[in-house]
Structure formats: C-alpha cells, structure tokens
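Asks:
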Amino acid sequence: MLEVLIAAFIVGLTHAVPPGPITFEVLRRGAAEGLMPALKVDAGAVVADAVFFILIVIGLTQVINNPAGKLALWLGGSGLLMFLGLRGVYKALAARKKAADLMATEGSRKDTPPFLTGFLICITSPFAIIWWTSIFAGSMTLFNTDTITMAVVFAGVAIACLAWYALVGLSGKLSRTLFSPGITKALSLICSGMMIVFSLLLLYRGYISFL
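Under our numbering, think of the first position of the sequence shown as 5, with each following residue one higher.
1) Are the stretch 149-164 and the stretch 26-40 touching, with three or more C-beta to C-beta distances below 8 Å?
2) With DSSP collapsed to three states, give me the class of P117.
3) Between the C-alpha atoms of F57 and I125, what's the straight-line distance to the nearest angstrom?
4) Does the Cβ-Cβ distance between G122 and G48 come in under 8 Å?
5) Rank I26, I10, A11, A12 by C-alpha distance to the C-alpha of T128 and give the top, closest one.
6) Do you know whose CA, among M199, M154, G173, A170, lies nearest L6's CA?
7) What's the call for A98, buried or exposed, on a 16-neighbour Cβ count within 10 Å?
8) Alpha carbon to alpha carbon, how far is I10 from V157? Give it in angstroms, no decimals.
9) Please identify the residue among L79, S82, V45, V93 whose C-alpha is closest to the C-alpha of I194.
10) Does V201 pass the burial test, meaning 16 or more other C-beta atoms within 10 Å, or should it be called exposed?
11) Checking 8 Å against the spacing of the C-beta atoms, do G160 and G89 come in under that value?
12) How many angstroms separate the CA atom of D150 from the CA atom of V61?
13) Whole angstroms is fine: what's the gap from A12's alpha carbon to T116's?
14) Specify, as a first and last residue, the run of the alpha helix (DSSP H) that P23 falls within.
15) State the CB to CB distance for the pair L31 and W168, rounded to an integer number of angstroms; the pair is presumed to be in contact (CB under 8 Å).
16) Using alpha carbons as the reference points, say which of L174, F140, I212 lies closest to I14.
17) Between the alpha carbons of L84 and A35, how many angstroms are there, rounded?
18) Could you give the first and the last residue of the continuous alpha helix (DSSP H) run that contains F140?
19) Pick helix, strand or coil for G38, following the three-state DSSP scheme.
20) In the DSSP assignment, find the unbroken alpha helix (DSSP H) run with I133 in it and report its ends.
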C-alpha cells in the first residue's frame, strides 16, 4: 500500500503544484491574515476534492459533464473568482497607515470564511473538474478498485494538496513577517489580480465553448 500512497501523492502534486485560483487565495490569506486562515482555505479545497473523488469512484462523471451543469459551474466559478479578486484588490487598496491598522481592520471586517472560500473555489473550478475527469480518471487505471486501495489513493492526493498549500500559506505568512507592509500589500494585490485574470480567462473559455 505504501507504493500506492506514493504513486497517488505524485499524481496529487500534478493537481496542487500548477498555479491556480486556490494557490493565489491561499497565498493572499497567508500574507493578509496568517497561516491558519490559509490552511482553512486548503482544507475547504480538499473537501471539495473529496466530492469530486466520490463522483469519479461511483461513476457519476456524466453529472459533471452535463452541458447545463458545466455551464452553471463555469459561470459560477468565473463569478466567484471575479468577486474574490475584486474584493482582494479593494481590501489591499483600502489599507491605510500602519500594518497594525491593517490587521485591526481585517479582524473587524466581515469576510467570507476561509474554509467556505476554499470549498467554493475548488467545487466550481473548471481546472479542478478537468483534472479529476481526465488526469485522475486516467490514472485510475494504475490502481485496483477495491475500497481500501481507493481510500489510500485519495489519501495520497489529499496529503499532496495539504502539504503543498501549507507551504504556499507559510510562504505568504513569512512574507508578512519578513517584508515591509508595502511589499505585503503588493503581494496581496498581485494575487487578487491573478484571480481576476483567471476569471476573465474562464469567461472567455466559456464563451468559446458554449456560444
């Protein structure tokens, strides 16, 4: 089973390592709020991955591949990314005075819970859908389909995602400690801007696919 866990871990890295919306949200949370909120985003994304895993295992990929469902996910994912990106830009630009003032404002202002944010980004992400229905589904031919093996396979994928995004969140937190407030603010702006770019790319791809 150790071989299966290692193989699944490597497969999981192909899901976690490429920069995507979750990467930038985890990095932004780490820089703006600290390590724990970043880890909660990570945990929410892994729960969404568990939903995709269950759908793949029980053979309900046709639900994901349904044109109406795919269109709804595409528009919902694009809208969510645009909202998060614009909100991040607003919060970064609204920061005034000192880093302490920024922290007080972040703590008092209502925000989307990080766990829910991670779950929503992942569950509506076409990138996640494509990975689970293509790369992961294809790699399933490497493994047996008994319950224990499948549990080990998902554990390997989940460990890869948790470990990688923990490193991303830690790097965001360290940037907050090591760098000046201006650099941290710039990092937050870059991450938020990348989420807006992803949103526009998804809207364009959806336009090409459905219209």
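Every residue, glycine too, gets a C-beta built ideally from N, C-alpha and C.
Replies: Quick look at the numbers:
1) Contact fails: fewer than three Cβ-Cβ distances are below 8 Å.
2) It is coil, neither helix nor strand.
3) Rounded to whole angstroms, the gap between the alpha carbons of F57 and I125 is 16 Å.
4) Note that the C-beta distance between G122 and G48 is below 8 Å.
5) The alpha carbon of T128 has as its nearest neighbour, out of I26, I10, A11, A12, the alpha carbon of I26.
6) With distances taken between Cα atoms, L6 lies closest to M154.
7) Counting every other CB atom within 10 Å of its CB across the protein chains shown gives A98 a total below 16, marking it as exposed.
8) Rounded to the nearest angstrom, the gap between the Cα atoms of V157 and I10 is 9 Å.
9) Put simply, of L79, S82, V45, V93 the residue whose alpha carbon is nearest the alpha carbon of I194 is V93.
10) Looking at its Cβ environment, which holds fewer than 16 other Cβ atoms inside 10 Å, V201 is exposed.
11) No, the Cβ-Cβ distance between G160 and G89 is not below 8 Å.
12) Here the alpha carbons of V61 and D150 stand approximately 10 Å from one another.
13) Rounded to whole angstroms, A12 and T116 show a C-alpha spacing of 32 Å.
14) Here P23 belongs to no alpha helix (DSSP H), and DSSP marks it neither H nor E.
15) Not confirmed; about 12 Å, so no contact.
16) F140 is the residue among L174, F140, I212 whose C-alpha sits nearest the C-alpha of I14.
17) Their Cα atoms are separated by approximately 21 Å.
18) Careful: F140 lies outside any alpha helix (DSSP H) and carries neither H nor E.
19) Shown here, G38 sits in coil according to DSSP, grouped into three states, outside any helix or strand.
20) From DSSP, the alpha helix (DSSP H) with I133 extends over 130-134.
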